[in-house]
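Residue numbers (my numbering), protein chains in the order written: chain A, 1 to 248; chain D, 1 to 248.
Protein chains: 2
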Amino acid sequence: MKIHRLTSPLPEPKPAPPGNDNPCAACNVRVLSLCDALDEQDLPRLAAISSSMTVRPHQILVAEGDNADYLFNITDGTVKLYKLLPDGRQQITGFLFPGDFLGLAAAGRYAYSAEAITKVTFCRFDRRKLDKLLDDFPKLERRLLGIASNELAEAQDQMLLLGRKTAREKLASFLLMMARRSGLPGTPEQPLELPMTRTEIADYLGLTIETVSRVLTQFRKERLLAMPALDRIVLLDRPALERLAGTV
Amino acid sequence: MKIHRLTSPLPEPKPAPPGNDNPCAACNVRVLSLCDALDEQDLPRLAAISSSMTVRPHQILVAEGDNADYLFNITDGTVKLYKLLPDGRQQITGFLFPGDFLGLAAAGRYAYSAEAITKVTFCRFDRRKLDKLLDDFPKLERRLLGIASNELAEAQDQMLLLGRKTAREKLASFLLMMARRSGLPGTPEQPLELPMTRTEIADYLGLTIETVSRVLTQFRKERLLAMPALDRIVLLDRPALERLAGTV
DNA sequence: CGCACACTTGAGTAATGTCAAAGAGTGTGG
DNA sequence: CCACACTCTTTGACATTACTCAAGTGTGCG
């Protein structure tokens with residue numbers, strides 16, 4: 001079993017530059033994120049308790065069991081969420097893309113670790129300060145509940161995949177999920193981009209790296225997809241993949 | 001693949017008997033449930049939008065894709081939540097016990113089906129009326145968010161189990177979960193009680209019924225447990241089971 | 001250019017699934 | 001109360017999927 005890569009701790013954030021009391025105004029993922037719950041005029045209240053940060057690949061954002069002191073909104077890059085067994089086996093429970101949210105916790109502790117796969121930019125909110133904001137802005141809390149409900153629905157889809165789908169069905173589901181989440185159509189002009197390694201795909205689907213590789217080779221031979229590069233996928237026969245995946 | 005059992009639709013609820021404006025006062029699971037968020041004096045507001053109902057085994061409470069018009073609090077019995085693939089393969093995403101909550105939905109639709117395993121009693125809340133109550137009682141919304149966060153953490157544990165644990169590890173984790181959730185110690189005097197069939201255990205753990213049966217037989221031969229009846233389990237060597245399960 | 005690293009491919013194995021049959025438990029009607 | 005029927009569970013023999021181990025092939029970076 002592979003030893004997990006050592007990573008450095010999270011650096012201190014740079015505070016928002018002074019004189020700019022509404023850095024969120026220019027945010028490109030605002031409509032997707034937590035901040036969408038607030039009006040333009042209230043945004044500075046959120047901005048005041050948040051800082052924007054950028055980290056390099058392999059940097060850890062949160063570790064399983066840590067005090068859940070922060071909430072995160074990803075603005076750029078890809079993050080993986082994962083859990084480990086004592087012997088090092090890893091299960092990736094989700095990938096986060098721009099606009100996605102991270103940090104809901106039960107009993108004040110994160111239930112999973114989060115690591116940047118690519119260079120990642122995010123807004124980080126202080127949980128205790130945010131809790132106070134929730135009293136003033138019930139819409140914010142309703143938004144959080146909506147986010148949590150969505151995540152729950154996705155988690156259930158993933159349980160169906162992990163428990164009952166074959167390797168081929170898992171890969172088909174994964175590729176369609178990536179198409180949906182990235183917004184890339186998977187055409188020859190705009191192929192899917194896979195920021196994660198084969199190992200990470202395997203750890204997400206409950207497979208080994210060899211099985212992932214073999215199924216992708218199968219799919220290529222069956223003309224279901226093409227791979228102009230190791231991390232580029234063209235979906236040649238989307239209906240067939242959708243049939244394989246069984247559900248969206 | 002087995003054909004799914006036909007079930008009858010949910011009967012109409014009996015409204016709370018007139019003259020009793022606080023039926024929740026006597027509720028035995030109140031401290032566990034949604035209602036715990038409200039003070040004694042505000043409970044009638046919740047009671048006014050809820051009805052208590054009892055259904056028989058195999059009755060469907062909600063079906064995947066249905067409009068999420070209701071929220072449920074289980075007061076007695078066991079419920080299974082599950083999703084199906086088009087060919088009938090089933091994944092049980094969770095079991096609900098007294099005090100548990102059901103009905104959070106993304107995009108206004110249930111993401112899963114729910115079926116009574118035993119005779120089940122529950123309180124059913126009208127979602128639209130509850131939404132209005134949320135405005136008056138922000139504590140209620142905070143409670144919902146807490147419930148959702150807990151469910152999310154459990155879902156991630158289950159993904160780790162489904163994706164990365166062996167059959168033996170899955171069964172060990174399952175039995176310990178049942179001990180924790182039921183509050184039964186699993187001693188010879190108070191053995192675990194399993195309200196679900198082997199098929200349902202298998203569909204929860206991503207295994208087949210035969211594998212579940214074989215692993216239970218193994219465990220018995222290894223003196224990890226005893227089975228005074230098909231649905232009664234005595235945990236003879238809990239530390240060994242905990243080591244197998246890897247995590248709580 | 002050469003060293004890492006990630007990915008692919010191949011051969012053999014192990015864990016789990018499938019198919020089949022027998023045993024155990026439960027309810028019903030005679 | 002017993003016999004029968006039904007369902008659920010267990011067990012056995014065999015099949016198959018996915019895993020393990022190992023070697024080989026890119027691919028990118030210093």
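Just so you know, even glycine gets a beta-carbon here, dropped at the ideal spot from N, CA and C.
Practice item. Assign P98(A) to buried or exposed, taking buried as 16 or more other Cβ atoms, counted over all protein chains shown, within 10 Å of its Cβ. Key: Position 98 of the first sequence, counted from the first residue, corresponds to residue 98(A). With 16 or more other Cβ atoms within 10 Å, it is buried.
Point to revise | For L61(A) and C35(A), the rounded distance between their alpha carbons | key: Here the question's residue 35(A) lines up with position 35 in the first sequence. Here the question's residue 61(A) lines up with position 61 in the first sequence. Approximately 20 angstroms, taken between the alpha carbons.
Point to revise | Chain-order list of residues whose beta-carbon lies under 6 angstroms from that of D126(D) (same chain, five-residue window excluded) | key: Counting from 1 along the second sequence, the entry for residue 126(D) is found at position 126. Once the five neighbours on either side are set aside, the close Cβ partners of D126(D) are I49.
Exercise for review: Kindly indicate which residue of K170(D), L152(D) and D42(D) has the alpha-carbon position closest to the one of G94(A).
Suggested key: As a first step, residue 94(A) must be located in the first sequence, where it is residue number 94. For the residues K170(D), L152(D) and D42(D), the minimum Cα distance to G94(A) belongs to L152(D).
Check your understanding: With a cut-off of 8 angstroms, do at least 3 Cβ pairs link the segment 71-86 of chain D to the segment 154-161 of chain A?
Key -> yes
Check your understanding: Between the segment 151-173 of chain A and chain D, which residues of the former have CB atoms less than 7 angstroms from a CB of the latter, in chain order?
Key -> E151, L152, A153, A155, Q156, Q158, M159, L160, L162, G163 and R164
Check your understanding: For R89(D), which of helix, strand or coil comes out of DSSP?
Key -> Looking up residue 89(D) in the second sequence gives position 89. Coil, per DSSP.
**Study point:** Beta-carbon proximity check, G206(A) vs R164(D), cutoff 8 angstroms
**Key:** Your numbering for residue 206(A) matches position 206 in the first sequence. Your numbering for residue 164(D) matches position 164 in the second sequence. Yes, they are a contact pair.
Check your understanding: N28(D): which of E115(D), T121(D) and D237(D) sits nearest, CA to CA?
Key -> Along the second sequence, read from residue 1 onward, the residue named residue 28(D) stands at position 28. Looking at the Cα atoms, T121(D) is the closest of the given residues.
**Study point:** Check whether A245(A) and K139(A) have beta carbons under 8 angstroms apart
**Key:** Translated into the one-based positions of the first sequence, residue 245(A) becomes position 245. Translated into the one-based positions of the first sequence, residue 139(A) becomes position 139. In this structure, K139(A) does not lie closer than 8 angstroms to A245(A) by Cβ.
Check your understanding: Using a beta-carbon distance cut-off of less than 7 angstroms, what residues from the segment 97-118 of chain D approach chain A?
Key -> L104, A105, A106, A111 and Y112
Review point. Can you list the residues of chain A that T93(D) reaches, using a CB-CB cut of under 7 angstroms?
Key: The count along the second sequence starts at 1 and reaches residue 93(D) at position 93. Those within 7 angstroms of T93(D) in chain A are Q156 and M159.
Review point. Counting only beta-carbon atoms, is L241(D) nearer than 8 angstroms to chain A?
Key: What you label residue 241(D) is simply residue 241 of the second sequence in a count that begins at 1. No, L241(D) lies away from the interface with chain A (no Cβ there is under 8 angstroms from its Cβ).
Point to revise | Straight-line Cα distance separating R109(D) from T247(A) | key: Reading the first sequence from its first residue, position 247 is the one you call residue 247(A). Reading the second sequence from its first residue, position 109 is the one you call residue 109(D). When rounded, the distance between both Cα atoms is 16 angstroms.
Check your understanding: Alpha carbon to alpha carbon, what distance is there between A229(D) and F219(D)?
Key -> Mapped onto the second sequence, residue 219(D) falls at position 219. Mapped onto the second sequence, residue 229(D) falls at position 229. Answer to the nearest angstrom: the Cα atoms are 15 angstroms apart.
Check your understanding: Quick one, are the C-beta atoms of L162(A) and L176(D) less than 8 angstroms apart?
Key -> Numbered from its first residue, the first sequence carries residue 162(A) at position 162. Numbered from its first residue, the second sequence carries residue 176(D) at position 176. Contact: no.
Check your understanding: Considering only the beta carbon of each residue, do V79(A) and L102(A) sit closer than 8 angstroms?
Key -> By one-based count along the first sequence, residue 79(A) stands at place 79. By one-based count along the first sequence, residue 102(A) stands at place 102. Taking 8 angstroms as the Cβ cut-off, V79(A) and L102(A) qualify as a contacting pair.
**Study point:** Spatial neighbours of D76(D) in its chain, beta-carbon cut-off 6 angstroms, leaving aside the 5 residues before and after
**Key:** Stepping through the second sequence from its first residue, residue 76(D) is reached at position 76. Within the same chain, D76(D) has close Cβ partners P98 and T121.
Exercise for review: Give the residues of chain A in contact with P138(D), contact being defined as C-beta atoms less than 9 angstroms apart.
Suggested key: Counting from 1 along the second sequence, the entry for residue 138(D) is found at position 138. Per Cβ cutoff of 9 angstroms: L134, D135, P138 and E141.
Review point. Unbroken alpha helix (DSSP H) runs of length 4 or more, entirely within the segment 96-182 of chain D: which are they?
Key: 127-136, 138-164 and 167-182
**Study point:** Inter-residue Cα distance where the pair is M196(A) and P188(A)
**Key:** One-based indexing of the first sequence puts residue 196(A) at position 196. One-based indexing of the first sequence puts residue 188(A) at position 188. Cα to Cα, the separation comes out at about 20 angstroms.
Practice item. Answer yes or no: do L145(D) and L145(A) have a C-beta to C-beta separation smaller than 8 angstroms? Key: As a working note, residue 145(D) is residue 145 in the second sequence. As a working note, residue 145(A) is residue 145 in the first sequence. Yes, Cβ-Cβ distance for L145(D) and L145(A) is below 8 angstroms.
Check your understanding: With a CB to CB cut of under 7 angstroms and the five nearest residues on each side skipped, what residues in its chain are close to K170(D)?
Key -> Sequence index remark: in the second sequence, residue 170(D) carries index 170 (1-based). Hits under 7 angstroms: L161, L205 and L207.
Review point. Do you know offhand how far D237(D)'s Cα is from Q190(D)'s?
Key: Position 237 of the second sequence holds residue 237(D). Position 190 of the second sequence holds residue 190(D). The straight-line gap from Cα to Cα measures roughly 15 angstroms.
Review point. In terms of alpha-carbon separation, which member of L192(D), D131(D), L104(D) and D135(D) lies closest to S149(A)?
Key: On the first sequence, residue 149(A) is found 149 positions in, with the first residue counted as 1. Comparing Cα-Cα distances from S149(A) to each of L192(D), D131(D), L104(D) and D135(D), the minimum goes to L104(D).
Check your understanding: Taking all protein chains shown into account, do 16 or more other C-beta atoms lie within 10 angstroms of the C-beta of A47(A), making it buried, or fewer, making it exposed?
Key -> As a working note, residue 47(A) is residue 47 in the first sequence. A47(A) comes out buried.
Review point. By DSSP, does L6(D) sit in helix, in strand, or in coil?
Key: In the second sequence, the residue the question calls residue 6(D) occupies position 6. Legend: pLDDT at L6(D) = 42, less than 50; position of this residue unreliable, value from coordinates given subsequently. Coil, per DSSP.
Exercise for review: Determine the burial state of G186(A): buried for a count of at least 16 other Cβ atoms within 10 Å of its Cβ, exposed for fewer.
Suggested key: Residue numbering aside, residue 186(A) sits at position 186 when the first sequence is read from its first letter. G186(A) is buried by the Cβ-count criterion.
Exercise for review: Spell out whether any CB of chain D is found under 8 angstroms from the CB atom of G206(A).
Suggested key: For the purposes of this step, residue 206(A) is taken as the residue at position 206 of the first sequence. Taking Cβ atoms only, chain D reaches closer than 8 angstroms to G206(A), which makes this a yes.
Exercise for review: Within its chain, find whatever has a CB closer than 7 angstroms to the CB of R124(A); leave out the 5 residues flanking it on each side and keep chain order.
Suggested key: In the first sequence, counting from the first residue as 1, residue 124(A) sits at position 124. Excluding sequence neighbours, R124(A) sits near P13, S50, S51, M53, Y70 and F72.
Practice item. Between the Cα of A107(A) and those of L241(D), P57(D), R143(D) and R180(D), spot the shortest distance and give me the residue it belongs to. Key: Translated into the one-based positions of the first sequence, residue 107(A) becomes position 107. Measuring from the Cα of A107(A), the nearest candidate turns out to be R143(D).
Exercise for review: Within 10 angstroms of the Cβ of E40(A), are there 16 or more other Cβ atoms? Answer buried if so, exposed if not.
Suggested key: In the first sequence, residue 40(A) corresponds to position 40, counting from 1. Flag for E40(A) reads exposed.
Practice item. Residues of the segment 64-78 of chain A with a CB closer than 7 angstroms to any CB of chain D: list them in chain order, please. Key: none
Exercise for review: Please determine, among V212(D), I147(D), D135(D) and E193(D), the residue with the shortest C-alpha to C-alpha distance to A172(D).
Suggested key: By 1-based counting over the second sequence, the position of residue 172(D) is 172. Among V212(D), I147(D), D135(D) and E193(D), the Cα nearest to that of A172(D) is on V212(D).
Check your understanding: Looking only at C-alpha atoms, which of L32(A), R56(A), E115(A) and L96(A) sits nearest to E64(A)?
Key -> Within the first sequence, the letter at position 64 stands for residue 64(A). With distances taken between Cα atoms, E64(A) lies closest to E115(A).
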